[in-house]
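*Asks:* I have a structure here, written as structure tokens, and I will follow up with some questions on it.
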Amino acid sequence: MTGQPCPEALHPSLEAIALHGIEKNFTVVEKMSPVQFEQSITLIQPAALALYQHWLSVKMSEASSQPVPVKGAEKTARS
């Protein structure tokens, strides 16, 4: 993505991943009950998929707006 901010709808997905992926959140994770910890783990896969789908849609729209090179007709060589 070319500097585009993440949509508000995906912020919970980022937070679910950041909870386990950023060192400053380790104290929060350590204070969780086993049930809360398991629930937070189950949120990571759907969050990652949502973020990937968003990234892919942005990449595809960027690719479709790129100019396509034009290839000329092949020339036959003289022998």
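If you read the sequence shown in our numbering, its first letter stands for residue 2, the second for the next number, and so on. Beta carbons are placed, not taken as given, at the ideal position from N, Cα and C, and that holds for glycine.
1) So, are the CB atoms of E23 and I45 less than 9 Å apart?
2) Using only the alpha-carbon positions, how far apart do M33 and S66 sit?
3) Just checking my contact of H55 with L20 at CB under 8 Å: how many whole Å lie between their CB atoms?
4) May I ask you to report which of helix, strand or coil DSSP gives M2?
5) State the start and end residues of the unbroken alpha helix (DSSP H) segment that holds A74.
6) Taking only the alpha-carbon atoms, compute the straight-line gap between K72 and A78 and give it to the nearest angstrom.
7) Please state whether DSSP places K25 in a helix, a strand or coil.
8) Return yes when the Cβ of P13 is within less than 9 Å of the Cβ of A49, no when it is not.
*Replies:* Put simply:
1) Position check: residue 23 holds Ile in this sequence, whereas Glu was assumed. Cβ distance not < 9 Å, so I23 and I45 don't count as in contact.
2) 46 Å
3) The Cβ separation is near 19 Å, so there is no contact.
4) Only weak support exists for where M2 lies, its pLDDT of 43 falling under 50; the value from the coordinates is given anyway. Coil, per DSSP.
5) Premise fails: A74 is in no alpha helix (DSSP H) and is neither H nor E.
6) Rounded to the nearest angstrom, the two C-alpha atoms are 17 Å apart.
7) helix
8) no
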